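Read the structure below first, then the notes.
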Amino acid sequence: MIRKHDTVETLLDALPFIKKYNNEIVVIKYGGSAQTSPILKEKFAQDILLLYLVGLKPVIVHGGGKKITDMLTALQIDTEFIDGQRVTTPEVMRIVEMVLSGEINNEIVSLLNSHGAKAIGLNGKDAHFILAEPKEHAKWGLTGTITDINADVIHKMIREKFV
Numbered sequence: 015m016i017r018k019h020d021t022v023e024t025l026l027d028a029l030p031f032i033k034k035y036n037n038e039i040v041v042i043k044y045g046g047s048a049q050t051s052p053i054l055k056e057k058f059a060q061d062i063l064l065l066y067l068v069g070l071k072p073v074i075v076h077g078g079g080k081k082i083t084d085m086l087t088a089l090q091i092d093t094e095f096i097d098g099q100r101v102t103t104p105e106v107m108r109i110v111e112m113v114l115s116g117e118i119n120n121e122i123v124s125l126l127n128s129h130g131a132k133a134i135g136l137n138g139k140d141a142h143f144i145l146a147e148p149k150e151h152a153k154w155g156l157t158g159t160i161t162d163i164n165a166d167v168i169h170k171m172i173r174e175k176f177v
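Start counting the sequence shown at 15; every next residue gets the next number (the numbering used here).
Here it is in structure tokens:
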């Protein structure tokens, strides 16, 4: 159990960072066990809201490799990895999009909104937000390399006070 004294002490310790990064965009990677533990999900949402309330501008980038693998296994769809990267066939891509956009992204938005944030979820296709080029097609399928990120999309959302 977290005591109020510990919370106050943590905030006092964080003051120099809060001052330094006030009104700055902070990009936070959300993945791994934090996505699977109900307790860690709640802490994540509370921490993001706190960052927002003290004047930072959190932008969340999420992964989902484990959930994608679990869904592919449940659907009995074989997948291959080369050098730690998934080879993405069109069939696998449908599942990847379903899990990342339909499940994980929606869950994050709902969780943050339920804690009082004004959250919105985007995927790479929205407003040409993320541009990518395919890797060697025969070897990688639809796996690609990001070539550009349209930061204007993020800046517009931040100006409208979205997390």
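Cβ coordinates follow ideal geometry from the N, Cα and C atoms, glycine included.
In this text, all values refer to a predicted model and were calculated from it rather than measured experimentally.
Item	Value
Between the Cα of Thr87 and those of Val75, Leu70 and Val106, spot the shortest distance and give me the residue it belongs to.	Val106
So, with DSSP's three-state summary, where would you put Asp162?	strand
Exposed or buried, what is Leu89 when buried is set at 16 or more other beta-carbons lying within 10 Å of its beta-carbon?	exposed
What does a CB cutoff of less than 6 Å around Thr102 pick up in its chain, not counting 5 residues either side in sequence?	Gly155, Leu156 and Thr157
Note down, in chain order, each residue of its chain lying with its Cβ closer than 6 Å to the Cβ of Ile172, except the 5 sequence neighbours on either side.	Lys71
Please return the same chain residues whose Cβ sits closer than 8 Å to the Cβ of Asn120, not counting the five positions on each side in sequence.	Gly135
Can you list, in chain order, the residues of its chain with a C-beta nearer than 7 Å to that of Thr161? Leave out the 5 residues immediately preceding and following it.	Leu145, Ala146 and Glu147
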